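Written below as structure tokens is the structure these notes are about.
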Amino acid sequence: MKKRILTGDTPSGKLHIGHYVGTLENRVQLQHEYETFILLANVHAYAQSFKTAEKINDLVYQVFLDNLAVGIDPEISTIYLESGIPETYELYSFFLTMVTLARAQRNPAIKDEIQYKKLDPSMGFLAYPILQAADILQFQTSLVPVGEDQLPMIEQTREIARDFNAAYGETFTVPEAKVGRVARLVGTDGKMKMSKSGNNSILLSEDEKTLKQKVMGMYTDPKRIHPTDPGKVEGNPVFAYHDAFNPNKAEVEDLKKRYLAGKVSDVEVKESLFLTLNEFLAPIREKRKYYEDRPKLAKEILVNGTQKARKVVQETLEKFREKVGINKLIK
Ligand code: ATP
Ligand code: MG
């Protein structure tokens, strides 16, 4: 039997090029090797704000298209809607009893998110890593392709699996994280992480005109005023993107050299980045349009995917219930 992958995204916005290098690229490559499940995490989106249900549905659809657009093949991978598997809630509520409040609050990723999103966190928000543990463990997942910011979440999932197995005997596979070739892509504003909710992203669905505006407006080296001033390459997001997306390494090295020496303008470096990204996005836009134009096919993929995923989960849940003896008295 093939080992399994589970991974996914919160539909808090359309996916961006940070998602690509952090996790999507791994999903696309590994789907041939692993039985792959892609989660559209709509229940997680409610944990951020419960007031925007209709908006969440739109975004779920966009994130679904994003996954197909980068090359998730619905013939071999399963894409499903989180809320379509009610068994997840059963596992989640049990796992909630296994994690202390102090442990949940100690999670560094949760602390960071509360700070940069300026949240007054709900119970659901503090517990979202535990919901994520249910999402992952219910598939007996071996590998979780994620960006670096998600590593504390996977650690929490591993802890839950180990604690459960120690208490009730071998039940859940303890999964490993797999970080992409760029662990954490910087934002267009130079901030540490490109983020859906940070207003500092380049979307995978960006049209050419917006892409150009975003690239030309990017943060570079704030101390550099004239093209003849020597510039900084390190920490400069324009070069971080060149490194991540420009296949012409010689061109990147030449631009860096000239930038450091004050022999190239910001405009020239950005124009070449625009061309690079535009070329990278062209086939992604095309595939997206293919599915956008075929809403019946898209819906079928999602409905069938959710049904298939639920069957797999039900097997794990049977095992879980038996181990805990949770329904013994009514059997
Ligand atoms: P939000 O701001 O709402 O948290 P996000 O941009 O962080 O959104 P998520 O849905 O939380 O996106 O993350 C989806 C996946 O993409 C996760 O595996 C996450 O680690 C990865 N990821 C997100 N942003 C980046 C980034 N800038 N670089 C690399 N990987 C990323
Ligand atoms: Mg995030």
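Counting in numbering that gives the first Met the number 0, the final residue of the sequence shown is number 330, and the numbers go up one at a time with none missing.
Glycine included, each C-beta is placed from N, C-alpha and C at the ideal position.
Keep in mind the model is a prediction, meaning the values are calculated, not measured.
Residue 326 versus residue 91 - alpha carbon distance: As a first step, residue 326 is located in the sequence shown; it is residue number 327 there, counting from the start. As a first step, residue 91 is located in the sequence shown; it is residue number 92 there, counting from the start. Cα to Cα, the separation comes out at about 17 Å.
Pair within 8 Å by beta-carbon distance, residue 59 and residue 80: The residue given as residue 59 occupies position 60 in the sequence shown. The residue given as residue 80 occupies position 81 in the sequence shown. When the beta-carbon positions are compared, residue 59 and residue 80 come within less than 8 Å of each other.
Look at residue 68 and residue 210 and say whether their C-beta atoms are less than 8 Å apart. Start at 1 with the first residue of the sequence shown, and residue 68 comes out as number 69. Start at 1 with the first residue of the sequence shown, and residue 210 comes out as number 211. Their beta carbons are not under 8 Å apart, which means residue 68 does not touch residue 210 by this criterion.
Check whether the stretch 213-232 and the stretch 259-273 touch, using three or more Cβ-Cβ pairs below 8 Å as the test. Output reads yes: the stretch 259-273 touches the stretch 213-232.
Is residue 302 buried or exposed, if buried means 16 or more other CB atoms sit within 10 Å of its CB? Taking the first residue of the sequence shown as position 1, residue 302 is located at position 303. By the neighbour-count criterion, in which a residue is buried when 16 or more other Cβ atoms sit within 10 angstroms of its Cβ, residue 302 is exposed.
State yes or no: is the C-beta of residue 194 nearer than 7 Å to some heavy atom of ligand 2? Along the sequence shown, one-based indexing puts residue 194 at 195. Distance from the C-beta of residue 194 to the nearest heavy atom of ligand 2 is below 7 Å.
When burial is assigned at 16 or more other CB atoms within 10 Å of the CB, is residue 0 buried or exposed? For the purposes of this step, residue 0 is taken as residue 1 along the sequence shown, with counting starting at 1. So residue 0 ends up on the exposed side.
Bridge partners - residue 78, DSSP secondary structure assignment: Locating residue 78 in the sequence shown gives position 79, counting from the first residue. In DSSP, residue 78 forms a bridge with 37.
Hey, is residue 275 close to ligand 1, as in C-beta under 7 Å from one of its heavy atoms? The count along the sequence shown starts at 1 and reaches residue 275 at position 276. Result no, Cβ not under 7 Å from ligand 1.
May I ask whether a heavy atom of ligand 3 can be found less than 7 Å away from the beta carbon of residue 111? Looking for ligand 3 in the displayed structure turns up nothing; the ligands present are ligand 1 and ligand 2.
Beta strand (DSSP E) segments (min. 3 residues) lying fully within the stretch 100-151: The qualifying runs are 142-145.
Check whether the Cβ of residue 134 lies closer than 7 Å to any heavy atom of ligand 2, and answer yes or no. As a first step, residue 134 must be located in the sequence shown, where it is residue number 135. Residue 134: no, Cβ never under 7 Å from ligand 2.
Taking the alpha-carbon of residue 180 as reference, which of 14, 194, 26, 6 has the nearest alpha-carbon? Position 181 of the sequence shown, counted from the first residue, corresponds to residue 180. Scanning 14, 194, 26, 6 for the CA closest to the CA of residue 180 turns up 26.
Can you tell me whether DSSP reads residue 175 as helix, strand or coil? Numbered from 1 along the sequence shown, position 176 holds the residue referred to as residue 175. In this structure, residue 175 counts as strand in the three-state DSSP scheme.
Residue 123 and residue 52 closer than 8 Å at C-beta: Mapped onto the sequence shown, residue 123 falls at position 124. Mapped onto the sequence shown, residue 52 falls at position 53. Between residue 123 and residue 52, the C-beta gap is not smaller than 8 Å, which leaves the two residues out of contact.
So, using beta-carbon positions, are residue 195 and residue 43 closer together than 8 Å? Stepping through the sequence shown from its first residue, residue 195 is reached at position 196. Stepping through the sequence shown from its first residue, residue 43 is reached at position 44. Going by beta carbons, residue 195 and residue 43 fall outside the 8 Å limit.
Alpha-carbon spacing of residue 372 relative to residue 232, whole angstroms: What the structure shows of the chain is the stretch from 0 to 330, and residue 372 is not part of that stretch, so it cannot be assessed.
For ligand 1, is there a heavy atom less than 7 Å away from the beta-carbon of residue 145? Taking the sequence shown and counting its residues from 1, the one referred to as residue 145 is at position 146. In this structure, residue 145 has its beta carbon less than 7 Å from a heavy atom of ligand 1.
Other residues of its chain near residue 331: CB distance less than 8 Å, five sequence neighbours each side excluded: One cannot answer for residue 331 here, as it falls past the ends of the chain, which runs 0 to 330.
Nearest to residue 38 (by Cα), restricted to the options 54, 73, 49, 107: One-based indexing of the sequence shown puts residue 38 at position 39. Of the candidates 54, 73, 49, 107, the residue whose Cα lies closest to the Cα of residue 38 is 73.
Can you look up residue 8 in the DSSP assignment and give me helix, strand or coil? Within the sequence shown, numbered from 1, the residue matching residue 8 stands at position 9. Residue 8: strand per DSSP, three-state reduction.
Who are the near neighbours of residue 75 in its chain, counting only those whose CB is closer than 8 Å to its CB and skipping five residues on each side? Taking the first residue of the sequence shown as position 1, residue 75 is located at position 76. 30, 31, 35, listed in sequence order.
Candidates 50, 12, 13, 78, of which the one nearest residue 300 by Cα: Counting from 1 along the sequence shown, the entry for residue 300 is found at position 301. The shortest Cα separation from residue 300 among 50, 12, 13, 78 belongs to 78.
Classify residue 14 as helix, strand or coil using the three-state DSSP reduction. Here the question's residue 14 lines up with position 15 in the sequence shown. Residue 14: coil per DSSP, three-state reduction.
Tell me which residues share the same chain as residue 238 and place their Cβ nearer than 8 Å to its Cβ, disregarding the 5 neighbours each side in the sequence. Here residue 238 refers to the residue found at position 239 when the sequence shown is read from its first residue. Only 232, 251, 254, 255, 258, 268 meet the Cβ criterion.
Can you check which of these residues, 115, 120, 146, 155, is closest to residue 131 by C-alpha distance? If you number the sequence shown from 1, residue 131 lands on position 132. With distances taken between Cα atoms, residue 131 lies closest to 155.
Where residue 280 falls: helix, strand or coil (DSSP): For the purposes of this step, residue 280 is taken as the residue at position 281 of the sequence shown. Three-state result, residue 280: helix.
Entirely within the stretch 156-211 and at least 3 residues each: give me those beta strand (DSSP E) ranges in chain order. Runs found: 175-178.
Spatial neighbours of residue 207 within its chain, please: C-beta separation below 8 Å, excluding the five flanking residues on both sides. As a first step, residue 207 must be located in the sequence shown, where it is residue number 208. Cβ within range, chain order: 277.
Give the straight-line distance between the Cα atoms of residue 116 and residue 329, rounded to the nearest whole angstrom. Counting from one through the sequence shown, the residue named residue 116 turns up at place 117. Counting from one through the sequence shown, the residue named residue 329 turns up at place 330. Residue 116 and residue 329: Cα-Cα distance of roughly 45 Å.
Determine the direct distance from the alpha carbon of residue 88 to that of residue 133, and round the result to whole angstroms. Start at 1 with the first residue of the sequence shown, and residue 133 comes out as number 134. Start at 1 with the first residue of the sequence shown, and residue 88 comes out as number 89. Straight-line spacing of the CA atoms in residue 133 and residue 88 works out to 8 Å.
Using a 10 Å radius around the Cβ and a threshold of 16 neighbouring Cβ atoms, would you call residue 220 buried or exposed? Here residue 220 refers to the residue found at position 221 of the sequence shown. When all chains shown are included, residue 220 counts as buried.
Measuring only from the beta carbon, is residue 8 closer than 7 Å to any heavy atom that is part of ligand 1? Here residue 8 corresponds to residue number 9 of the sequence shown, with the count starting at 1. Distance from the C-beta of residue 8 to the nearest heavy atom of ligand 1 is below 7 Å.
So what does residue 257 bridge to, in DSSP terms? To locate residue 257, count along the sequence shown from 1; it is residue 258. According to DSSP, residue 257 bridges with nothing at all.
So residue 151 packs on residue 108, CB below 8 Å; how close in whole Å? To locate residue 151, count along the sequence shown from 1; it is residue 152. To locate residue 108, count along the sequence shown from 1; it is residue 109. With a contact defined as Cβ atoms closer than 8 Å, residue 151 and residue 108 qualify at about 4 Å.
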